[in-house]
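Report on the following structure.
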Amino acid sequence: MTVLEVQNLNARIGSFMLEDISFTVDSGETFVIVGENGAGKTKLLDAISGFLPILSGKILLEEKDITNSPPQERGMGYIFQNLALFPHLTVRENILFGARLKRMKNIDGSFDEIVDFFKIRHLLNRKPLSLSGGEKQKVALARTLILKPKFILFDEPTSALSPAEKLRVDSEIKKTLEKFHLSAIFVSHNMEEAYFFGGRVGVMQNGKLIQIGTPEEIKYNPANELVALTFGEINLFDCIVKKSNYGVSIADCYGFEITFLGEYEIGSKVKLAVRPEDIVISLKQDKTSARNILFGKIKEIANRGALLKIVVDCGKEISAYISKQSFEELELKRGKVVSLRFKITAPHVLPKE
Amino acid sequence: MILESKNRLFYGIFFFFAVVLVVFVLMPLLRLITLPSFHLLMNAFKDKSALTSILNSLIYSFLTAVLSLIFGVPLAFLMAKRRFGRFEKLIETIVDLPLAVPHTVAGIALLFIFGRAGIIGKLFYNSLGFKITGTGVAIVIAMMFVSLPYLVDSARDGFKSVDYEFEKASYILGASASYTFFRIYLPLSLQSIETGFLLTWARAISEFGAVVILAYYPMTAPVKIYDAFTQYNLTVSTAIAAVLLIICLTIFLVLRVVINRNDGT
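For the record, the sequence lines run as chains A and B. Position in the first sequence (from 1) plus 377 gives the number in our numbering. Position in the second sequence (from 1) plus 8 gives the number in our numbering.
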């Protein structure tokens with residue numbers, strides 16, 4: 378069942394436009410919106426929550442048209458980037474801020490339930506400034522959930538947290554949304570969070586919602602170069618189709634050939650994208666099922682945490698990832714000649730802009 | 009080592025200028041307090057007209073600060089929230105204008121409005137028989153004109169420093185604009201408003217130029233000091249000035265301590 382429906386939303390903020398944005402969020406779904414800084418993610422949340430007047434379009438929450446309702450009457454929760462806990466009020470006063478205003482029935486019962494759920498009773502008389510990042514998140518969630526919102530908007534609430542804390546808080550948010558069976562929009566510029574929440578992802582660019590799909594769908598069928606880059610580093614090849622039949626094409630790219638799926642007009646230009654993690658580095662010319670084999674010298678080696686990024690000059694610089702163990706086994710070093718192999722399914726043709 | 013000595017030189021130079029400035033402010037004031045003999049100071053304390061003028065200064069300047077607070081806070085809030093649209097810069101300039109106008113000029117300008125022949129002054133005189141000039145009302149008007157910018161600017165900066173997300177959070181939790189103002193903006197800007205209040209009060213107490221033109225009587229302390237200086241001699245006026253300074257310094261020090269203590273809790 379659809380809980381939130383945004384139809385052809387247009388809004389203007391100075392010279393910036395939110396353009397023709399449409400999407401739905403189903404009951405219990407966490408719809409993740411990703412995009413670079415300045416893509417318009419927060420502005421979209423502001424338009425949905427009523428802080429940004431819209432030029433045209435419709436917003437329906439549980440089939441009720443809330444397009445022109447003030448934020449106070451939309452029945453939505455909003456977890457802000459900096460959480461916006463009122464610094465001069467105690468945790469208790471923060472949590473009860475909205476509940477008292479709305480004169481909710483059985484405030485005490487709801488308050489106790491929420492406080493116990495988040496295990497924050499010991500924090501009630503403290504001010505937000507004395508809380509840790511994780512504790513602040515819990516208080517912000519408690520303050521929102523006590524009002525029993527129909528929908529929650531999360532605006533990069535973990536952006537200021539350490540990686541370890543981010544994981545903990547993301548788990549907390551996911552657990553909370555599941556427990557209260559809540560639907561939400563979660564804005565992030567981190568694809569890991571998109572995978573973590575497991576639902577659909579919308580990619581925003583320059584005020585437009587460019588693509589919607591599962592993380593895997595978007596990762597392997599990006600709508601354009603920028604979307605492809607949103608999901609991490611990528612190798613892009615400008616090629617000309619040389620051969621194409623039986624669902625397979627071969628293209629000439631920078632003096633080497635790449636075989637990929639799909640039929641294209643011979644002589645046409647295509648832009649191919651290959652993820653570094655889909656490329657295998659090897660020293661031998663042994664037999665392999667990979668149809669694409671390129672040779673080149675290692676130009677750069679960069680540490681990427683658990684993996685190493687190897688840049689190989691094959692006439693064009695191509696990046697590939699390798700585990701530290703494999704790196705040591707292969708005794709790779711700058712200047713060494715290696716082969717890069719990737720399957721016929723690895724290259725993806727980017728749509729023409 | 010070299011870096012450390014360079015740093016020391018940098019801070020040394022800055023400290024030199026800072027100390028010069030502090031001494032520049034303190035020296036004349038301390039000299040003023042210590043110059044008159046104890047006997048003369050006591051005489052000034054006992055002089056009824058001198059005490060009345062000091063009392064006038066304190067009361068009217070306090071009223072000025074309160075009125076500035078009542079009128080200035082809404083204006084400061086609207087300015088901070090950019091509610092004046094394209095007139096924002098104009099309003100800001102108008103509010104700060106009294107800071108750039110010589111106070112005697114301000115007094116004369118006010119005379120054209122609140123004097124017996126002035127636009128508002130005439131209205132009051134004709135309808136109520138009340139002459140504004142030469143009354144406490146005129147003193148407050150003159151004081152308010154020159155000191156209001158201190159409160160408005162300070163409060164505006166305070167409101168501006170409140171994160172917009174607090175307002176959004178308040179609204180999404182169900183609060184109205186007025187509730188958000190009183191429950192969120194006001195407490196979070198209180199320190200700036202208090203500072204603005206004190207500055208306004210301080211500026212109003214010391215006002216001479218505009219007040220003397222709009223209301224020579226009832227005398228405020230600066231007018232009395234000027235009067236004593238022209239009528240008697242420097243010794244008498246110094247004693248009254250010293251008494252005014254002692255009272256003002258005591259009040260402001262006490263208020264500063266009280267405000268700082270409240271902010272700390």
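Where is the CB? At the ideal position from N, CA and C, for every residue including glycine. If you're wondering where the values come from, they're calculated on a predicted model, not measured in any experiment.
query	result
Within chain A, partners of glycine 182 of chain B - CB distance below 7 Å	Gln449, Gly475, Leu478, Lys479
First and last residue of the uninterrupted alpha helix (DSSP H) at serine 214 of chain B	194-214
Terminal residues of the beta strand (DSSP E) in which tyrosine 623 of chain A lies	No beta strand (DSSP E) holds tyrosine 623 of chain A; DSSP gives it neither H nor E.
Positions along the region 138-163 of chain B whose CB lies within less than 9 Å of some CB in chain A	none
Segment contact flag, the region 404-414 of chain A with the region 385-393 of chain A, C-beta cutoff 8 Å, min 3 pairs	no
Residue-chain proximity (alanine 461 of chain A, chain B), Cβ-Cβ < 8 Å	yes
CB contact below 8 Å: tyrosine 224 of chain B versus chain A	no
Closer than 9 Å at the beta carbon, the chain D residues around serine 539 of chain A	Looking for chain D here will not work: the only protein chains present are A and B.
Proximal residues of chain A, C-beta to C-beta of tyrosine 179 of chain B below 7 Å	Pro448, Gln449
Euclidean distance between Cα positions of valine 148 of chain B and asparagine 583 of chain A	55 Å
Local Cβ density within 10 Å of isoleucine 656 of chain A, reported as buried at 16 or more and exposed below that	buried
Coarse secondary structure for valine 516 of chain A, derived from DSSP in three states	helix
Neighbourhood of glycine 126 of chain B by C-beta distance below 7 Å, restricted to the same chain and skipping five residues each side	Leu119, Phe120
Within-8 Å CB hit, isoleucine 3 of chain B to chain A	Nothing can be reported for residue 3 of chain B, as the shown portion of chain B is limited to 9 through 273.
Within-8 Å CB hit, histidine 465 of chain A to chain B	yes
DSSP state of phenylalanine 393 of chain A mapped onto helix, strand, coil	strand
For glycine 166 of chain B, the three-state DSSP class (helix, strand or coil)	helix
Within-8 Å CB hit, serine 426 of chain A to chain B	yes
heavy atom of the ligand MN below 7 Å from valine 244 of chain B C-beta	The ligand MN is not part of the structure shown, which contains no ligands of any sort.
CB contact below 8 Å: glutamate 100 of chain B versus chain A	no
Where the region 113-141 of chain B meets chain A: residues whose CB sits under 8 Å from a CB there	none
DSSP state of arginine 191 of chain B mapped onto helix, strand, coil	helix
Residue burial classification, serine 560 of chain A (beta-carbon count within 10 angstroms, cutoff 16)	buried
Cβ separation of isoleucine 201 of chain B and serine 162 of chain B, assumed to be a contact under 8 Å, to the nearest whole Å	7 Å
Nearest neighbour of tyrosine 68 of chain B, chosen from B:Tyr225, B:Asn134, B:Leu263 [CA to CA]	B:Tyr225
Residues near glycine 123 of chain B in its chain [Cβ-Cβ closer than 7 Å; skip 5 each side]	Gly129, Thr141
Residue burial classification, glutamine 239 of chain B (beta-carbon count within 10 angstroms, cutoff 16)	exposed
When B:Phe138, B:Phe85, B:Phe153, B:Phe132 are compared against glycine 115 of chain B, the one with the closest alpha-carbon	B:Phe153
Threonine 143 of chain B versus B:Val220, B:Leu38, B:Ile267, residue with shortest Cα-Cα distance	B:Val220
Chain A residues whose Cβ lies nearer than 9 Å to that of glutamate 202 of chain B	Within 9 Å Cβ-Cβ: nothing; glutamate 202 of chain B doesn't reach chain A, min ~14 Å.
Per-residue burial, valine 647 of chain A [other beta carbons within 10 Å of its own, 16 or more giving buried]	buried
Cα-Cα separation between glutamate 382 of chain A and isoleucine 443 of chain A, rounded to whole angstroms	10 Å
Neighbour list for proline 195 of chain B in chain A, Cβ cutoff strictly below 7 Å	His465
Cα-Cα separation, valine 715 of chain A to valine 689 of chain A	8 Å
Alpha-carbon to alpha-carbon, threonine 419 of chain A and glycine 609 of chain A	22 Å
Residue(s) in a DSSP beta bridge with isoleucine 259 of chain B	None, per the DSSP bridge assignment.
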